[in-house]
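Which chain is which? The protein sequence lines are X and U, in order.
In this text, residue positions in the first sequence follow UniProt numbering: the first is 1, and each later residue adds one.
In this text, residue positions in the second sequence follow UniProt numbering: the first is 1, and each later residue adds one.
Virtual Cβ for every residue (Gly too), placed ideally from N, Cα, C.
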Amino acid sequence: MERSDGGGEISAMRSRISSDSSTAAGEDRLSALPDDILVLVLMRLHTAAAAAQTSVLSRRWRRLWALLPELRFPSSSDPRHIASALLAHQAPLAFLDVATEDAAAESVAAWVPAATRRLSGSLVFTNRTPAANAADEGDAPCERKRGAAFIDLPCFGNATAVSLDVGYLGVVAPLAGVFARLTKLRLAHVHFHSSCALGDAVSSRRCPSLEKLTVRYAMGVTDLAVRSSSLRRMKLENMDSLEKLTVVTPALKHLTVLTCFYRGRRRRPVADIEARQLKVLRWGDLFDRSSVKLGKMKHLQSVCPDVFLVYGYPPNDPCLALLRCFKIIHELCLTLVYLPDINDRPYLLEDMKMLPGVTSLHLGLTSNGHAFGTCLFHILKLCSGTRKLALEISGKSLEEQTTCPADCICDEHQNWKTEELLLNHLQEV
Amino acid sequence: MEVDKGKGEAEETRKVAEADRDTVTLKSSDGKLFEVSKEAAARLSTVLAGMIAGGSIDDNGTDLKQIGSEALENVVDYCNKHANSIPSAALISSSISFNTAPFKEPEEWERKFVDRLSHDALFDLVEAANFLGMERLLDVTCHKISEMMKGKSPDQIREVFNIKNDYTKEELEEIRQELAWAFYDD
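Take a look at the structure:
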């Protein structure tokens, strides 16, 4: 029986049956509840400060807040207070959520060590900065301030999940120590110190339980080598300095690489991917068969190549080169984009001469108001074996003769026999 | 589903007493009988689930000496309402994602359910939920109590809950200094 330690108190109080007499009599029924119930109440006050403020109610409440398994510091908190709070707090922390606005590395470094000692569950740290917001909106991230301090990340020995969105503060990953229980790691808007061995820190030797790794908007990592037997999902997005990627992950099921090499100085993707169990590959990035090695992936079910520009100048080589790697694939996700202004730009779809044999085709179309019937027909002709088609049309229309209304997003899921449906569809267009 | 309040009907039902009944009968400290869906009881209360699994459910009314009839009626009412409600997507998703609160917000009907309770009935229900190991009902009732505390000064909270301030002035000052970080942010 869980939480039964209050049973005695309950039966003792149960002699009274009629309601509302106790309030009038001045009985304090809240303070009479067992500690674990009051902790449930305090947890729902959301912020660590609100919970700690109850200390002044009476002696009964003096140290209750310190038993909380979860502490939240919303962005209004002064980051310096977080360290004080963590020092005064007593219980193991299952969840620590810290949000700051444009905090400096020094203020973060003040509480992180205390958090590390206490943490036995998840840590979510979000430092909102103008630079991070700009990056999210698609602007090029700013250069790091010269001479600004780096945060020395400690080894979160007991944490199970860590999410750090540090707003382009400089970070040094620990060079030693084992993240024994860590299963999820998410790093965003991070400027890694140049000597930082991120790959080593997340590989099996030091991160034996890691199952999910996400790195978004990271600078400073040129060579990333991940060797993990536990990793199931990995997503690398906008790792600006990446020049070389090595992935040796026998258990990996999902791999996503988005616009990492595009931004690199060399604009040449060098990668070696060994993931025998891979099921889903999403590669929205430069791709070159001579420099990107994909090992055997017998279980691969779904491939999502880079976007394909229907009209434009940059050749769609990354998309086409990846498509050429596969003869048959169960599910293919293609994204076709019409730029708003396509005047004077060459029609590129003729470059797509063949597609792998596909059972299920997911077609994302950003038409920007342009008629896309021909393009659709072209693709469907190449995928004559398709049994299931999902069509997602999105985009703002800039021209009058638009085929779908402004901002419309249409979804169709249909099972069709190709030949007939091609005709059906043609009639609609 | 209506609640039987210890009248003859419940006794009649019990006389049928097949092993595969889909309800269980619970008896409050003051001897009143309530029927509750066996499935909902087992799903919502770890204690009742244990009793059902262990065969210690009494067809003549399982004695719950610690729970008064009013609180038990609310417990049973909650179970039956829960059995009939369609859980929202938020309730179904069990995995804790990074950026959401690890506990689940009460549903609209659950809010209404606790909002109509008197001060004492609320605490009776918290105690009953605690005794019966009803995690979800504890969530909902504790959420309600926290709502009653939010945005209030210590004095206001003491007044709402009849909490007696047993600190000396010096002690209070000491705590405020020690927990300056908590008071500073306001």
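Query                                                                                                                                   : Result
Residue-chain proximity (Tyr167 of chain U, chain X), Cβ-Cβ < 8 Å                                                                       : yes
Residues sharing a beta bridge with Gly284 of chain X, DSSP                                                                             : X:Leu258
Nearest-angstrom Cα separation, counted from Arg265 of chain X out to Val162 of chain X                                                 : 30 Å
Delimiting residues of the beta strand (DSSP E) encompassing Lys244 of chain X                                                          : 244–248
Interface residues of chain X facing residue 195 of chain U [CB-CB closer than 7 Å]                                                     : Residue 195 of chain U falls outside the range modelled here, since chain U spans only 1 to 186, and no answer is possible.
Chain X residues whose Cβ lies nearer than 7 Å to that of Arg158 of chain U                                                             : Leu57
Sequence-distant residues of the same chain with beta carbon closer than 6 Å to Phe131 of chain U, five excluded per side               : Gln66
Residue nearest to Asp78 of chain X in terms of C-alpha spacing, selected from X:Arg62, X:Ile273, X:Gly121, X:Ala104                    : X:Ala104
Secondary structure of Cys375 of chain X, DSSP reduced to three states                                                                  : helix
Exposure label - Gly121 of chain X; buried when at least 16 CB within 10 Å                                                              : buried
Interface flag, Asp102 of chain X vs chain U, CB-CB below 8 Å                                                                           : no
Coil, strand or helix - Leu339 of chain X by DSSP                                                                                       : coil
Neighbouring residues, chain X, relative to Lys164 of chain U (Cβ below 7 Å)                                                            : Asp28, Ser58
Where Val307 of chain X falls: helix, strand or coil (DSSP)                                                                             : coil
Nearest-angstrom Cα separation, counted from Ser28 of chain U out to Ala129 of chain U                                                  : 14 Å
Burial state of Met354 of chain X (16 or more Cβ within 10 Å)                                                                           : exposed
Selected residue, minimal CA-CA separation from Ile175 of chain U, among X:Val56, X:Ser228, X:Leu40                                     : X:Val56
Nearest-angstrom Cα separation, counted from Asp288 of chain X out to Glu272 of chain X                                                 : Before going further, note that residue 272 of chain X is Asp rather than Glu in the sequence given. So the two alpha carbons sit approximately 12 Å from each other.
Alpha-carbon spacing of Ala197 of chain X relative to Pro130 of chain X, whole angstroms                                                : 27 Å
Closest residue to Gly312 of chain X among X:Pro250, X:Leu332, X:Ala48, X:Asn343 (Cα-Cα distance)                                       : X:Asn343
Amino acids of chain U, ordered along the chain, whose beta-carbon sits closer than 9 Å to that of His81 of chain X                     : Ala180, Trp181, Ala182, Tyr184, Asp185
Start and end residues, beta strand (DSSP E) containing Tyr217 of chain X                                                               : 212–219
Beta-carbon contacts of Ser107 of chain X that lie in its chain and below 8 Å, excluding the five residues immediately before and after : Pro79, Arg80, Thr100
For Arg62 of chain X and Tyr167 of chain U, the rounded distance between their alpha carbons                                            : 10 Å
Assumed close pair Asp306 of chain X, Cys319 of chain X - CB separation to whole angstroms, cut-off 8 Å                                 : 5 Å
Residue of X:Phe192, X:Arg268, X:Trp283, X:Met297 minimising C-alpha distance to Ser291 of chain X                                      : X:Arg268
Within the region 23–105 of chain X, ranges of the beta strand (DSSP E) (whole runs, at least 3 residues)                               : 70–73, 93–101
Rounded straight-line distance, which links the Cα of Ser203 of chain X to that of Pro92 of chain X                                     : 27 Å
Between the CA atoms of Asn80 of chain U and Leu45 of chain X - distance to the nearest angstrom                                        : 29 Å
From X:Cys155, X:Val172, X:Arg117, X:Arg72, residue whose alpha carbon lies closest to that of Phe125 of chain X                        : X:Arg72
Start-end ranges of the beta strand (DSSP E) lying completely within the region 110–168 of chain X, minimum 3 residues                  : 119–128, 150–152
Rounded separation between Leu398 of chain X and Asp136 of chain X - CA only                                                            : Residue placement at Leu398 of chain X cannot be trusted, given a pLDDT of 40 that sits under 50; the coordinates are not used to answer.
The region 328–341 of chain X contacting the region 356–373 of chain X, beta-carbon criterion three pairs below 8 Å                     : yes
Residue-level contact to chain U via CB, Asp35 of chain X, 8 Å cutoff                                                                   : no
Burial state of Glu178 of chain U (16 or more Cβ within 10 Å)                                                                           : exposed
Under the three-state DSSP convention, the category Arg294 of chain X falls into                                                        : Rather than Arg, the amino acid found at residue 294 of chain X in this sequence is Leu. Leu294 of chain X: strand per DSSP, three-state reduction.
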